[in-house]
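Chemist: My questions all concern the structure below.
There are 2 protein chains.
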Amino acid sequence: MHTNTAITLVKRPTGGPITADNFAITALPIISPKDGEVLIKQQHLSLDPAMFGWMSADTQSYIPPVALGDVMRSSGIGEVIESNNPDFAVGDRVMGMMGWQHYYLGNGQGLNKVTAPLPNEAVLSVFALPGLTATQGLFKVGKPKAGETLIVTGAAGSVGSIVGQLAKAEGLQVIGVVGSDEKANWIVNELGFDGAINYNSANLDEQLEKLAPNGIDVFFENTGGAIQPLIFARLNAHARVVVCGLIADYAKQIPTLGPSWLNVIKKRITIQGFTMPDHFAEIPVLLEKLTPYVMAGQIKHRSHVLEGLASAIDGLNLFFSGANKGKLMVKL
Amino acid sequence: MHTNTAITLVKRPTGGPITADNFAITALPIISPKDGEVLIKQQHLSLDPAMFGWMSADTQSYIPPVALGDVMRSSGIGEVIESNNPDFAVGDRVMGMMGWQHYYLGNGQGLNKVTAPLPNEAVLSVFALPGLTATQGLFKVGKPKAGETLIVTGAAGSVGSIVGQLAKAEGLQVIGVVGSDEKANWIVNELGFDGAINYNSANLDEQLEKLAPNGIDVFFENTGGAIQPLIFARLNAHARVVVCGLIADYAKQIPTLGPSWLNVIKKRITIQGFTMPDHFAEIPVLLEKLTPYVMAGQIKHRSHVLEGLASAIDGLNLFFSGANKGKLMVKL
Numbered sequence: 004m005h006t007n008t009a010i011t012l013v014k015r016p017t018g019g020p021i022t023a024d025n026f027a028i029t030a031l032p033i034i035s036p037k038d039g040e041v042l043i044k045q046q047h048l049s050l051d052p053a054m055f056g057w058m059s060a061d062t063q064s065y066i067p068p069v070a071l072g073d074v075m076r077s078s079g080i081g082e083v084i085e086s087n088n089p090d091f092a093v094g095d096r097v098m099g100m101m102g103w104q105h106y107y108l109g110n111g112q113g114l115n116k117v118t119a120p121l122p123n124e125a126v127l128s129v130f131a132l133p134g135l136t137a138t139q140g141l142f143k144v145g146k147p148k149a150g151e152t153l154i155v156t157g158a159a160g161s162v163g164s165i166v167g168q169l170a171k172a173e174g175l176q177v178i179g180v181v182g183s184d185e186k187a188n189w190i191v192n193e194l195g196f197d198g199a200i201n202y203n204s205a206n207l208d209e210q211l212e213k214l215a216p217n218g219i220d221v222f223f224e225n226t227g228g229a230i231q232p233l234i235f236a237r238l239n240a241h242a243r244v245v246v247c248g249l250i251a252d253y254a255k256q257i258p259t260l261g262p263s264w265l266n267v268i269k270k271r272i273t274i275q276g277f278t279m280p281d282h283f284a285e286i287p288v289l290l291e292k293l294t295p296y297v298m299a300g301q302i303k304h305r306s307h308v309l310e311g312l313a314s315a316i317d318g319l320n321l322f323f324s325g326a327n328k329g330k331l332m333v334k335l
Numbered sequence: 004m005h006t007n008t009a010i011t012l013v014k015r016p017t018g019g020p021i022t023a024d025n026f027a028i029t030a031l032p033i034i035s036p037k038d039g040e041v042l043i044k045q046q047h048l049s050l051d052p053a054m055f056g057w058m059s060a061d062t063q064s065y066i067p068p069v070a071l072g073d074v075m076r077s078s079g080i081g082e083v084i085e086s087n088n089p090d091f092a093v094g095d096r097v098m099g100m101m102g103w104q105h106y107y108l109g110n111g112q113g114l115n116k117v118t119a120p121l122p123n124e125a126v127l128s129v130f131a132l133p134g135l136t137a138t139q140g141l142f143k144v145g146k147p148k149a150g151e152t153l154i155v156t157g158a159a160g161s162v163g164s165i166v167g168q169l170a171k172a173e174g175l176q177v178i179g180v181v182g183s184d185e186k187a188n189w190i191v192n193e194l195g196f197d198g199a200i201n202y203n204s205a206n207l208d209e210q211l212e213k214l215a216p217n218g219i220d221v222f223f224e225n226t227g228g229a230i231q232p233l234i235f236a237r238l239n240a241h242a243r244v245v246v247c248g249l250i251a252d253y254a255k256q257i258p259t260l261g262p263s264w265l266n267v268i269k270k271r272i273t274i275q276g277f278t279m280p281d282h283f284a285e286i287p288v289l290l291e292k293l294t295p296y297v298m299a300g301q302i303k304h305r306s307h308v309l310e311g312l313a314s315a316i317d318g319l320n321l322f323f324s325g326a327n328k329g330k331l332m333v334k335l
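Those protein sequence lines, which keep their order, are chains C and B.
For reference, each letter of the first sequence is one residue, going 4 to 335 in this note's numbering.
For reference, each letter of the second sequence is one residue, going 4 to 335 in this note's numbering.
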């Protein structure tokens with residue numbers, strides 16, 4: 004029998020890039036499912052910026068950290084290869100939090116069957132955590148209205164690209180902030196954004212002025228960084244700020260301060276953070292909301308696929324450099 | 004005939020204390036009401052921290068600035084002395100935005116009759132802008148639940164003292180932040196707060212730890228200042244921050260930055276600013292909400308009454324020093 008190659012977290016990152024010594028690659032036995040259990044051979048696993056939070060020692064966060072010695076947490080997609088659970092049959096295609104390993108054994112809780120006739124890459128790119136996050140954050144927190152202006156940071160990323168396309172489909176003016184001209188080109192010419200700003204370029208404030216002459220109504224924040232206060236200063240009355248991610252701060256010892264709250268009063272702004280674990284019960288509703296846009300061809304995506312389990316480790320650093328192009332995942 | 008002594012804004016404050024040269028005291032004619040108009044002799048006018056915003060040149064704020072040369076904006080209470088408006092009779096007692104002057108002429112819009120058998124000081128302290136602000140901010144934005152912990156800054160102020168008492172009546176644990184031991188004593192021993200912190204004392208974080216060992220669920224912010232990030236760091240999951248005022252920043256050229264948004268994500272915090280002009284249409288509902296607490300004796304107040312129109316000018320500086328004791332107003 005094969006062994007289950009897995010990657011465990013052995014040392015928490017303390018700022019700076021992720022290195023090989025944060026993890027250990029180990030061979031675990033493959034255990035056959037007991038009564039009620041199901042064994043899955045994972046095919047693709049998702050890499051997400053949220054993982055930096057899961058690796059930290061912060062027990063006050065929205066989800067407990069991964070314990071040292073435990074298999075690193077991740078979502079993925081795979082196939083049921085043995086089942087003692089009446090809800091799952093051999094051959095079923097399922098998504099769930101299966102971790103950095105080839106085989107996942109569980110009682111079926113948290114596993115969702117995938118019936119959409121889409122390749123794994125598309126499922127992880129659109130219907131997994133990023134698509135659900137985009138749908139929840141945009142509609143429930145951002146409350147977009149046709150004719151408004153939305154700006155989304157990390158706009159070529161897995162969440163941001165879907166946020167922007169959903170907002171376009173809803174009739175908003177949509178501006179994306181990205182880290183390269185190639186990404187700027189992609190979101191405007193392929194995804195249909197109205198404008199893009201490369202945060203590595205000059206005169207950011209002038210670019211904002213030009214692209215959002217009437218101010219900004221929804222600010223979907225995935226990154227943080229130097230453009231944050233510039234965007235914040237251009238928010239309109241009753242603007243909504245959806246705080247979804249702050250990748251620019253995850254590796255910092257001392258996080259960047261946020262904008263003064265003076266504008267929060269003057270403009271009656273709402274700043275709201277959210278994370279998906281609070282909304283796992285609403286996933287069916289979110290999928291129902293998201294699916295018609297996908298079916299109508301309004302949600303394009305691209306996947307950045309790394310090869311082999313071990314590539315996950317250094318792959319995380321792509322989030323810091325912004326070198327990933329599209330939804331980052333690992334093919335096992 | 005008497006003249007209408009009025010104070011007009013002639014120079015916008017640019018940081019630092021308010022001085023006599025920001026204003027001009029002028030004698031205006033008293034004009035008899037035309038058809039539909041009503042003339043009021045103002046008896047008490049209210050001084051509020053919001054005035055610093057109204058005096059600024061910021062045309063992007065929630066309400067247009069007072070134009071240079073115009074009578075300074077304020078709310079007040081007085082008596083109808085002439086009426087050509089069928090809705091108002093001579094002798095009616097009314098509240099409204101009458102400005103820094105002895106006589107107010109208007110078409111009745113924005114004037115509310117006062118029928119409660121309470122002295123002017125009590126009406127301005129509880130049922131005017133501060134009480135409405137407290138009611139709107141606490142219930143609609145703060146969404147308090149019995150058993151939760153609330154902290155309010157400016158807790159001996161006109162808004163904060165009512166916020167805290169309403170929250171106590173709703174069954175919350177209530178901590179107030181004030182600027183003197185005398186005020187700390189007043190909110191605990193007279194108003195029934197569970198605890199008080201003098202922000203001028205030492206070891207603020209230890210005091211917070213002691214008074215809110217289970218963290219903070221509602222943060223009602225009236226002041227800003229050095230205690231803001233300490234409170235923010237102690238917010239619980241799903242905490243609500245009601246941003247009502249930032250008196251510590253109003254006179255600063257460069258406002259203090261806010262807390263990092265990392266905790267906004269981790270704790271799924273909502274930070275929401277509000278101002279009363281958005282909710283003027285809801286005043287009847289707010290009064291209906293507030294009145295039973297007042298009738299049940301759950302809302303105590305104290306007024307700090309200055310004498311004479313000209314005292315309004317230097318009176319504003321009491322907000323910066325925190326030397327006002329209770330609702331600040333001017334008796335005309």
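The beta carbon of each residue, even a glycine, is placed where N, CA and C say it ideally should be.
Given the structure is predicted, the values throughout are model-derived calculations rather than measurements.
Quick one: what does DSSP say F196 of chain C is sitting in, helix, strand or coil?
Modeler: coil
Chemist: At a CB-CB cut-off below 9 Å, which residues of chain C make contact with Y202 of chain B?
Modeler: Within chain C, no residue comes near Y202 of chain B; the closest Cβ sits about 17 Å away, beyond 9 Å.
Chemist: Quick check on this structure: which residue in B:D24, B:S59, B:A172, B:G99 has the alpha carbon closest to the alpha carbon of S49 of chain B?
Modeler: B:G99
Chemist: Tell me which residues share the same chain as V155 of chain B and place their Cβ nearer than 6 Å to its Cβ, disregarding the 5 neighbours each side in the sequence.
Modeler: G163, V166, G167, G179, F223
Chemist: Determine, for A215 of chain C, whether the minimum Cβ-Cβ distance to residues of chain B falls below 8 Å.
Modeler: Interface annotation, A215 of chain C: not in contact with chain B, CB-CB separation never under 8 Å.
Chemist: Decide if E193 of chain B is buried, meaning its Cβ has at least 16 other Cβ atoms within 10 Å, or exposed.
Modeler: Of the residues assessed, E193 of chain B falls on the exposed side of the cut-off, its CB having fewer than 16 other CB atoms within 10 angstroms.
Chemist: So with CB distances below 9 Å, who are the chain C contacts of K270 of chain B?
Modeler: Q63, S64, Y65, G276
Chemist: Would a check of beta-carbon distances place D220 of chain B closer than 8 Å to chain C?
Modeler: no
Chemist: Is there a Cβ from chain C that is less than 8 Å from the Cβ of L265 of chain B?
Modeler: yes
Chemist: Identify the contact partners of P120 of chain B in chain C, using a Cβ-Cβ distance below 9 Å as the criterion.
Modeler: Residues of chain C passing the Cβ test: none, with the nearest at roughly 35 Å.
Chemist: Scan the region 240-253 of chain C for residues whose Cβ lies nearer than 9 Å to a Cβ of chain B and list them as they occur along the chain.
Modeler: A240, H241, V244, V246, C247, G248, L249, D252, Y253
Chemist: Using the Cβ count rule (16 or more neighbours within 10 Å means buried), how would you classify R283 of chain B?
Modeler: One detail in the question is off: residue 283 of chain B reads as Phe in this sequence, not Arg. F283 of chain B should be labelled exposed.
Chemist: Give the C-beta separation of E82 of chain B and P36 of chain B to the nearest angstrom, bearing in mind that I take them to be a contact with Cβ-Cβ under 8 Å.
Modeler: The Cβ separation is near 14 Å, so there is no contact.
Chemist: Hey, would you say I234 of chain C sits closer than 8 Å to G157 of chain C, going by beta carbons?
Modeler: Not closer than 8 Å, so no.
Chemist: Report the rounded CA-to-CA distance for L309 of chain B versus N320 of chain B, giving the unit in angstroms.
Modeler: 13 Å
Chemist: Taking the straight line between their C-alpha atoms, what separation do you get for K328 of chain B and V129 of chain B?
Modeler: 15 Å
Chemist: By how many angstroms is the C-alpha of L12 of chain C removed from the C-alpha of D38 of chain C?
Modeler: Near 29 Å, if we compare the C-alpha coordinates of L12 of chain C and D38 of chain C.
Chemist: Reducing DSSP to helix, strand and coil, say where G218 of chain C ends up.
Modeler: coil
Chemist: Taking Cβ positions, are V221 of chain C and G145 of chain C nearer each other than 8 Å?
Modeler: yes
Chemist: So does the region 133-141 of chain C actually touch the region 112-120 of chain C, counting three or more Cβ pairs closer than 8 Å?
Modeler: Because the criterion of three Cβ pairs below 8 Å is not met, the region 133-141 of chain C and the region 112-120 of chain C do not touch.
Chemist: So which residues of chain B does P52 of chain C contact, with C-beta pairs closer than 9 Å?
Modeler: What P52 of chain C touches in chain B: nothing, since even the nearest Cβ is about 11 Å away.
Chemist: Count the other C-beta atoms from every protein chain shown that fall within 10 angstroms of the C-beta of H5 of chain C, then say buried if there are 16 or more, exposed otherwise.
Modeler: exposed
Chemist: Cβ closer than 8 Å: which chain B residues qualify as neighbours of L260 of chain C?
Modeler: L260, G261, P262, S263
Chemist: Would H47 of chain B and M332 of chain B qualify as a contact pair, given that the criterion is a beta-carbon distance under 8 Å?
Modeler: yes
Chemist: What would DSSP say about G261 of chain C, mapped onto helix, strand or coil?
Modeler: It is a strand residue.
Chemist: How big is the Cα-Cα spacing for K270 of chain C and A70 of chain C?
Modeler: 42 Å
Chemist: Against chain C, does T273 of chain B count as a neighbour if the rule is that its beta carbon must be under 8 Å from one of theirs?
Modeler: yes
Chemist: Chain C beta carbons: is any one of them nearer than 8 Å to that of D208 of chain B?
Modeler: no
Chemist: I need the boundaries of the beta strand (DSSP E) containing S306 of chain B, first residue and last residue.
Modeler: Per DSSP, S306 of chain B belongs to the beta strand (DSSP E) from 306-310.
Chemist: For the region 142-216 of chain C, list the beta strand (DSSP E) runs that are entirely contained and at least 3 residues long, ordered along the chain.
Modeler: Qualifying beta strand (DSSP E) stretches, in chain order: 152-156, 176-181, 198-201.
Chemist: So which residues on chain B does D281 of chain C lean against when the C-beta distance must stay under 9 Å?
Modeler: What D281 of chain C touches in chain B: A240, H241, R271.
Chemist: Which residues bound the alpha helix (DSSP H) around I3 of chain B?
Modeler: The structure shown does not extend to residue 3 of chain B, since chain B spans only 4 to 335, so no value can be given for it.
Chemist: Can you name the residues that DSSP bridges to A9 of chain B?
Modeler: B:T29, B:Q104
Chemist: Measuring only the C-alpha atoms, how far is I302 of chain C from Y296 of chain C?
Modeler: 6 Å
Chemist: Between P262 of chain C and P262 of chain B, what straight-line distance do the alpha-carbon atoms span, to the nearest angstrom?
Modeler: 8 Å
Chemist: Among all the DSSP beta bridges, which residues are the ones paired with I80 of chain B?
Modeler: DSSP lists B:H47, B:M98 as partners of I80 of chain B.
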